[in-house]
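Have a look at the structure below before the remarks.
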Amino acid sequence: AQKVTQAQTEISVVEKEDVTLDCVYETRDTTYYLFWYKQPPSGELVFLIRRNSFDEQNEISGRYSWNFQKSTSSFNFTITASQVVDSAVYFCALRGGAGGFKTIFGAGTRLFVKA
Amino acid sequence: GAVVSQHPSRVICKSGTSVKIECRSLDFQATTMFWYRQFPKQSLMLMATSNEGSKATYEQGVEKDKFLINHASLTLSTLTVTSAHPEDSSFYICSARDPSSTGGYDYTFGSGTRLTVV
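If you read the sequences in order, they're chains A and B. Those letters in the first sequence? Residues 1047 to 1161, per the working numbering, in order. Those letters in the second sequence? Residues 40 to 157, per the working numbering, in order.
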């Protein structure tokens, strides 16, 4: 079975603080993909990153960075110098062949960034 | 990039009526589309997978007679909520797989439909 766990339900930070959103996954697939999406109040899903299971290189994109560790089945997301516009719900997701190529989402982490 | 258009963005309907939601892939042919439902402050839950020209596959616990999915063409999938009730009020969002993308990895989400049943 595939599963994504985002243990942090809500996080509140003050602007300019760094914040890390945790994601732990479970899958029996050897080939799978991990994702992070941002969902602002409008509801639309904003794609942030896709990582395949064979690429454990960490990635940085501006203030965003991702840490993928297969050994601990984690794919954590860090926002550096957070801004009010980062306030949203962030979802970690998993897609693998055993799941019929369906994308399974974690429960989401609601991030509040206060000015 | 690939674009998926979902309409309507918001709909209010009376209890007992049916509502149709459309999901269109604008610049690619989507052989597979997925429908999700999201209740307030909850995650996206997969309802069904539809493949063009065949019957949809529903997830456990989703009533196929209530949520009718039609994927009659490579660019259009529809979700019809039949005999809607207030408990069906939710955010519905579709996702389309672009088989022409590198490795067929790209799945694009629509912008969602907020359904309110009164």
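Here a beta-carbon is modelled for each residue, glycine too, at the ideal position from N, C-alpha and C. Small disclaimer: the values here were computed from a predicted structure and weren't measured.
Handout entry: Assigned secondary structure, B/V157 (DSSP; H/G/I helix, E/B strand, else coil)
Key = It is coil, neither helix nor strand.
Problem - the stretch 103-136 of chain B: positions lying closer than 9 Å to chain A by Cβ - result: Along the stretch 103-136 of chain B, the positions whose C-beta sits under 9 Å from a C-beta of chain A are F130, I132, S134 and R136, read in chain order.
Exercise for the section: Kindly indicate if chain B contains any beta-carbon less than 8 Å away from that of A/F1151. Expected result: Yes - at least one Cβ of chain B is within 8 Å of the one on A/F1151.
Practice task
Grab me the residues of B/T155's own chain with a C-beta within less than 7 Å of its C-beta, minus the 5 sequence neighbours each way, in chain order.
Solution key: Contacts found: I51 and S128.
Practice task
Have a look at B/D104 and A/Y1083 and give me their C-alpha separation to the nearest angstrom.
Solution key: Distance from the CA of B/D104 to the CA of A/Y1083, rounded to the nearest whole angstrom, comes to 31 Å.
Handout entry: B/V120 beta carbon less than 8 Å from that of B/S54
Key = Going by beta carbons, B/S54 and B/V120 fall outside the 8 Å limit.
Practice task
Please state if the CB of B/V42 and the CB of B/T147 are separated by a distance shorter than 8 Å.
Solution key: Yes, the pair counts as a contact, with Cβ atoms nearer than the cut-off.
Exercise for the section: For A/F1137, decide whether its Cβ has a neighbour in chain C, counting only Cβ atoms nearer than 8 Å. Expected result: Here the protein chains are A and B, and chain C is not one of them.
Problem - The beta strand (DSSP E) enclosing A/R1109, as first and last residue numbers - result: In the DSSP assignment, A/R1109 falls outside any beta strand (DSSP E) and carries neither an H nor an E.
Exercise for the section: Answer yes or no: does any C-beta atom of chain A fall closer than 8 Å to that of B/G151? Expected result: Chain A has a Cβ within less than 8 Å of the Cβ of B/G151.
Handout entry: Reference B/I108; option with closest CA among B/Q99, B/L118 and B/E102
Key = Closest option to B/I108, judged by alpha-carbon separation, among B/Q99, B/L118 and B/E102: B/L118.
Practice task
Name, please, each residue of chain B whose Cβ falls closer than 9 Å to the Cβ of A/G1154.
Solution key: For A/G1154, the C-beta contacts it makes with chain B under 9 Å involve K80, Q81, S82 and L83, in order along the chain.
Handout entry: Of the residues A/E1061, A/C1069 and A/K1160, the one placed nearest A/V1050, counting alpha carbons only
Key = Closest option to A/V1050, Cα to Cα, is A/C1069.
Practice task
Answer with buried or exposed for A/S1058, where buried requires no fewer than 16 other C-beta atoms within 10 angstroms of its C-beta.
Solution key: Counting Cβ neighbours within 10 Å, A/S1058 comes out exposed, since fewer than 16 surround it.
Exercise for the section: Please specify which runs of the beta strand (DSSP E), each continuous and at least 3 residues long, are wholly inside the stretch 56-93 of chain B, giving them in chain order. Expected result: Runs of the beta strand (DSSP E) inside the stretch 56-93 of chain B: 58-64, 71-77 and 84-90.
Handout entry: Whether A/T1077 touches A/R1156 by CB criterion (8 Å)
Key = With contacts defined as CB atoms closer than 8 Å, A/T1077 and A/R1156 fail to qualify as a contacting pair.
Handout entry: Alpha-carbon spacing of A/E1061 relative to A/V1159, whole angstroms
Key = So the two alpha carbons sit approximately 6 Å from each other.
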